[in-house]
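Asks: This is the structure, below, for whatever I ask next.
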Amino acid sequence: MDRLSGSEVKNLLRERKLVLILDLDHTLINSTRLHDISAAEMDLGIQSAASKNDPDRSLFTLQGMCMLTKLRPFVRKFLEEASNMFEMYIYTMGFKAYAIEIAKLLDPGNVYFDSKVISNSDCTQQHQKGLDVVPGADSLAVVLDDTEYVWQKHKENLILMERYHYFAASCRHSGQSLSELMQDERESDGALATILDVLKRIHTIFFDLGVGTALSSRDVRP
């Protein structure tokens with residue numbers, strides 16, 4: 001991933017935008033392998049629901065990967081609104097091919113992410129994520145991730161997300177899954193709706209015209 005040049009940083013600030021780094025699994029989505037679908041989930045018809053030709057559906061089959069993916073409630077509206085305030089990147093410990101497929105589900109029009117998809121092959125340290133793959137963005141970057149320990153070098157940029165466990169295989173040690181309970185997070189006040197309000201506050205504070213310092217010297221970190 002190329003470094004954000006000084007001119008690119010200036011352009012972002014001129015557009016009143018910061019940088020948002022988005023984890024995938026358990027943050028924006030939940031995925032499971034087809035062979036891990038529980039009997040209860042089979043009875044509920046999850047696999048057939050993922051195959052329906054409905055543009056508004058949130059369950060998808062990843063062809064060629066033998067996986068199902070569930071979009072977290074409110075994710076489409078979240079990305080739409082966040083894109084007005086942030087330059088957005090996907091950053092996952094998953095494989096590149098998987099990350100690209102998920103990006104297509106989240107951003108079918110290729111409006112938000114374009115080539116800004118970072119995967120495990122881009123990481124510079126094993127089992128760790130870092131802003132060194134988006135150099136130049138440290139003071140502008142907000143990170144949304146459900147796993148704290150992978151961000152050892154950039155904890156001050158991290159907002160820890162509540163994990164999204166839709167499929168049974170995702171929460172084997174945490175009781176019943178949302179799918180088995182026939183429930184889901186609510187669009188209106190679920191995790192993504194709540195965190196969008198936080199991001200709006202961060203953006204407002206950063207670009208507050210009443211602050212005397214230059215934008216280039218401001219920092220999203222505490």
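Take 1 as the starting number for the sequence shown in full-length UniProt numbering and just add one per residue. The C-beta atom is built at its ideal place from N, Cα and C for all residues, glycine as well.
#1: Whose CA, out of E80, M93 and L34, lies closest to the CA of M65?
#2: Using 8 Å as the cut-off, can you tell me whether the region 26–33 makes contact with the region 154–167, which would need three or more C-beta pairs spanning the two stretches below that distance?
#3: How would you call H127, buried or exposed, if buried means at least 16 neighbouring beta carbons within 10 angstroms?
#4: With three or more beta-carbon pairs closer than 8 Å as the criterion, would you say the region 128–145 touches the region 99–114?
#5: If you run the structure through DSSP and keep just helix, strand and coil, what is K17?
#6: With DSSP run on the structure shown, which of helix, strand or coil describes R33?
#7: At which residues does the beta strand (DSSP E) containing L196 begin and terminate?
#8: Could you check where the beta strand (DSSP E) with V75 kicks off and where it finishes?
#9: Does the beta carbon of D146 fall short of 7 Å from some heavy atom of the ligand FMN?
#10: To which residues of the same chain is S119 closer than 7 Å at the C-beta, ignoring the five residues directly before and after it?
#11: Who does L131 pair with in a DSSP beta bridge?
#12: Assuming P73 and E185 are in contact, meaning their beta carbons sit under 8 Å apart, how far apart are those beta carbons, in whole angstroms?
#13: Hey, out of A49, L199 and T124, whose CA is closest to S179's CA?
#14: Taking the alpha helix (DSSP H) that D43 belongs to, which residues open and close that run?
#15: In the DSSP assignment, find the unbroken beta strand (DSSP E) run with E87 in it and report its ends.
Replies: Let's see:
#1: Answer by Cα proximity: L34.
#2: Taking a cut-off of 8 Å for Cβ pairs, the region 26–33 and the region 154–167 touch, as three or more such pairs fall below it.
#3: Counting Cβ neighbours within 10 Å, H127 comes out exposed, since fewer than 16 surround it.
#4: Taking 8 Å as the limit for Cβ pairs, the verdict is that the region 99–114 does not touch the region 128–145.
#5: DSSP places K17 in coil when its eight states are reduced to three.
#6: Shown here, R33 sits in a strand according to DSSP, grouped into three states.
#7: In this chain, L196 is not harboured by any beta strand (DSSP E); it is covered by the alpha helix (DSSP H) spanning A191 to F206.
#8: Unbroken run through V75 is the alpha helix (DSSP H), V75 to A82; no beta strand (DSSP E).
#9: The ligand FMN is absent from the structure shown, which contains no ligands of any kind.
#10: Around S119: T92, G94, F95, K96 and A99.
#11: L131 is not bridged to any residue.
#12: Between E185 and P73 the Cβ distance is about 5 Å, and since that is below 8 Å, they are a contact.
#13: The residue with the shortest Cα to Cα distance from S179 is A49.
#14: It spans A39 to D43 - the alpha helix (DSSP H) in which D43 sits, taken as one unbroken run.
#15: According to the DSSP assignment, E87 belongs to the beta strand (DSSP E) that extends over F86 to Y91.
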